[in-house]
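Structure representation (C-alpha cells):
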C-alpha cells in the first residue's frame, strides 16, 4: 500500500510492517478521533486488507473505511487521518509565501522601524474604512497576529479580539442570582410537568392498553390450567422527556444569559434528565458543576468557564462540536433542545445550519430563546437566525420565571 | 470475484461504485453485515435485491416499522395450535412441566424473517430494511443475531445459523442507530450518484432512451439536487421521469414538458413552486450543448452561493 511508495516521504508514524502500521493507525483513530475500535475491529481491518489486497490504494482505503467508520461523520475524519498517517505532508513552503489569513490593517502614520513591531506613540486614530475587517475573513478560522495582543490596540480591536480570541474571554466565574430563585424553581417544575412529547413508539405491558398481548395471556393461562382468566395488554408508554440547554454566554448575551443560567440551574436541580452546556468561543458541559452547586453550597458560583463564557460568539462552530462530541450521549427522540442565544453568529452559517439540522434530526425539537425577540418589531433577519429558522420548533424569548414556565406551550 | 460480481450487477442494471464493490466483497469475505445509510431513493434496498439475484439465492426481507417487535421479526408461537394441544391433553396424567415442554417445542414455532434466514440450507440475502424506523428495543434483539448469527428462544434455547446469511441493513437516518449495532456492521454511506454514474444507470436500465435526453435528464437532476427541496429526488425518480418521457415520446426537454411531468420527480406542492421559480435557470442547464461545458455542482438559483464562473 501507500507506505511502501517511494514517492512519499517516510513518516515517523510508519513502523515496520503492515499489522504494526494498522495498529498504530487504529490507535490514532481511537485516541485522536474517538473512533470506537476494539480489538475485533482491528482484526477485521486486517482481514479486510487481506481480502482486497494492498496493491490498489483506493480499494485498501475503501476497505479500511468500511470497517473503521460507523457513521457519516466518521468518514471525513477517517479520510484526513488516513492521508495524514500514510501520506504525511512535506514540510511545506515558507509561511511568508502564503497569503495572509487576515487583510492587513494598515493605519495612517503607522511607522515601524526596520526591526518591525514598534508602533509610533503619536499615531493618528485609524480611519473607519481602513479599520474594518473584511467580512469574508470573519469566521472561526481567523487567526491573530501577535500585534493583536497589544494592550494599546484600538477599542475596535478589542471587540474583534473578544470575538475571536480564546485568551480574551471573560474569565470571571458566572454567578447564579439568588434573587427570584424560588419562582424560577417553580417555573422549572412547571416546565417539566407540562412538557408532553406524546407517547413512545415502544410497546410495553400496561394495565390498560390498546393491544391484546396473546403471548403473555397464554403464558399466564398455564397457571390456571389453560383458561385465560387474566388478559394481558400492551400499550405505548408516555415519553419521558429529556432537556438539553445550550446557553450562549458571549458578551453580547451576558445580560440575558443570567436568567437563562438561573433557569438551567433550577432545571438541573429538579430533574436528572437535564444537560446544560455553555458556549462562547468554546463549548463546555456545565451539568456536573450545576449539580454540585445544589449540594449545600452557600454561594451559587460556577467555576471560571474561561472561553465558554464572556467571550466572542461562535454559535455554529460550538453547536457542531456539541453534535460531534455530545449528541450521541444526550440527544434522543425524547430530548427537547433549548438554545438561548441572540443568533448573532460571526461564523459560517453553513456550519450552523448543519449542526441544527443534525440536532433537529436526533431530538424532539429545538426551541430557540432569543432575547431580541422580546422587541415587538423584531424580525429574524440576522444571518445566523435566518440559517437557524428552518430547523426550529419555536423562536421565542423568556426572561422571567413566568415566561420560562410556559415554554412547553410554544411547541408545535 | 469482485469484477465478476460487478459485472453481474451491471448486467442487472445496477451500476456499482468502487467502494460499493469493495463492500460487497467484504460482506462475503468477513461474513459481516453491511449497514448502508443514505438519502431515500439512492438504491439501498435495490442493492440487496440485485445481490440476491446475482448470487442466485433467496432474498428474505424484513421491513422495519414503529412498534416492530420480536414476535413479528424473529418468531411467534402458534397460539391456536398450543391451545388445541392443551385442550386435547387435558385429561393426561402428564405433569405441568411435560405439557409445557410439548407446547413450546419447534413444532409450535412460527418462523418470521430473521429465524427464516437462519434456518436456510444455502446462504440467503437478508435485507433488514429501514432499520431506523424500528424501536431501540428491537435493535437490541438484532445484536445477538448480527454478531453471532444465532438467536435465543427462551423456551427452546439457542438456534444457530446453518449457513451465515448475507445481511444488508438500510437506514435513512431518521434517527440515530446505536453504537452497538453500528460496531457489528461494515458501514457504507451511499449518496446521490454523480451525473456520469446516473447517465450510466439510465443507459443500463433504459437502453432505448435517447442519449441526448438521458444527458439532459442527468444534468437537470444534478442541478435539482442542489436546490432546497423538501424531498430531493433520487435515482428512482430519475428512472420514473425518464420512463415517463419515453412513454410521452419526448426527445428533448422543454419548459412545458418539465411542468407536465414534474410529478414524477417532485412530490410536494412547495417543491413544485420552487421548480417553477427556477425554470428559466434550469432551461439553461438542459439547453447546454452536450460536452460543451461540464455541469457545475454549485449553481446560483438565488438561494445559495454563486460559484459558477
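Residue numbers (the numbering used here), protein chains in the order written: chain S, 5 to 416; chain U, 688 to 996. Note that beta-carbon positions come from the ideal geometry of N, C-alpha and C, so glycine has one too.
- Of U/826, U/945, U/759, the smallest CA-CA separation from residue 797 of chain U is found for U/759.
- For residue 779 of chain U, there are no neighbours in chain S by C-beta distance under 8 Å, as the nearest C-beta there is about 12 Å away.
- Here residue 395 of chain S is buried. Its C-beta has 16 or more other C-beta atoms within 10 Å.
- When the alpha-carbon of residue 818 of chain U is set against those of U/856, U/809, U/933, U/843, the nearest one is in U/856.
- Across the set S/195, S/207, S/334, the C-alpha of S/195 shows the shortest separation from the C-alpha of residue 402 of chain S.
- Think of a sphere of 8 Å around the beta carbon of residue 321 of chain S: no beta carbon from chain U falls inside it, the nearest being about 19 Å out.
- Counting the other CB atoms within 10 Å of its CB gives residue 38 of chain S a total below 16, which places it among the exposed residues.
- Exclusion of the five residues before and after residue 755 of chain U leaves 821, 825 as the residues of its chain whose Cβ lies within less than 6 Å of its Cβ.
- Within the same chain, and ignoring the five residues on either side of residue 391 of chain S in sequence, the residues whose Cβ sits closer than 6 Å to its Cβ are 353, 356, 357.
- Runs of the alpha helix (DSSP H) spanning 4 or more residues and lying entirely within the region 250–305 of chain S occur at 258–274, 291–297, in chain order.
- Counting only runs of 3 or more residues that sit fully inside the region 331–366 of chain S, the beta strand (DSSP E) segments are 339–344, in chain order.
- Rounded to whole angstroms, residue 844 of chain U and residue 179 of chain S show a C-alpha spacing of 59 Å.
- Linking residue 827 of chain U to residue 848 of chain U through their CA atoms gives a straight-line distance of about 18 Å.
- Secondary structure of residue 766 of chain U (DSSP, three-state): helix.
- Among the CB atoms of chain U, none fall inside 7 Å of the CB of residue 193 of chain S.
- Using a CB distance cut-off of 7 Å, residue 876 of chain U counts as an interface residue toward chain S.
- Residue 89 of chain S and residue 26 of chain S have their C-alpha atoms some 10 Å from each other.
- Contacts with chain U at 7 Å (Cβ-Cβ) include residue 207 of chain S.
- Of the residues assessed, residue 768 of chain U falls on the exposed side of the cut-off, its CB having fewer than 16 other CB atoms within 10 angstroms.
- Distance from residue 322 of chain S to residue 283 of chain S at the Cβ level is roughly 4 Å; contact confirmed, criterion being Cβ atoms closer than 8 Å.
- Neighbours of residue 710 of chain U in chain S, taken as residues whose beta carbon is under 8 Å from its own, are 66, 70 in chain order.
- Within the DSSP secondary-structure output, residue 845 of chain U pairs in a beta bridge with U/839.
- Residue 875 of chain U sits in a strand when the DSSP states are folded into three classes.
- In this structure, residue 331 of chain S and residue 363 of chain S form a Cβ contact; the two beta carbons are roughly 7 Å apart against a cut-off of 8 Å.
- If you look at residue 385 of chain S, you'll find it isn't in any beta strand (DSSP E); DSSP assigns it neither H nor E.
- Along the length of the region 895–970 of chain U, whole alpha helix (DSSP H) runs at least 4 residues long occupy 898–911, 922–934, 942–947, 956–964, reported in chain order.
- Counting along the chain, residue 221 of chain S sits inside the alpha helix (DSSP H) bounded by residues 218–225.
- Listed as beta-bridge partners of residue 372 of chain S by DSSP are S/343, S/399.
- Only residues of its own chain outside the window of five on either side were considered, and among them 728, 951, 952 have a CB closer than 7 Å to the CB of residue 924 of chain U, listed in chain order.
- Here DSSP, grouped into helix, strand and coil, assigns residue 59 of chain S to coil.
- Taking all protein chains in view, the Cβ of residue 214 of chain S is surrounded by fewer than 16 other Cβ atoms within 10 Å, so the residue is classified as exposed.
- Comparing alpha-carbon positions, the option among U/838, U/701, U/712 lying closest to residue 734 of chain U turns out to be U/701.
- Within the DSSP secondary-structure output, residue 242 of chain S pairs in a beta bridge with S/203.
- Taking 7 Å as the CB threshold, residue 277 of chain S stays off the interface with chain U.
- Closest by C-alpha distance to residue 719 of chain U, out of U/961, U/858, U/699, U/871, is U/871.
- By the Cβ-count criterion, residue 203 of chain S is exposed, with fewer than 16 other Cβ atoms from all chains shown falling within 10 Å of its own Cβ.
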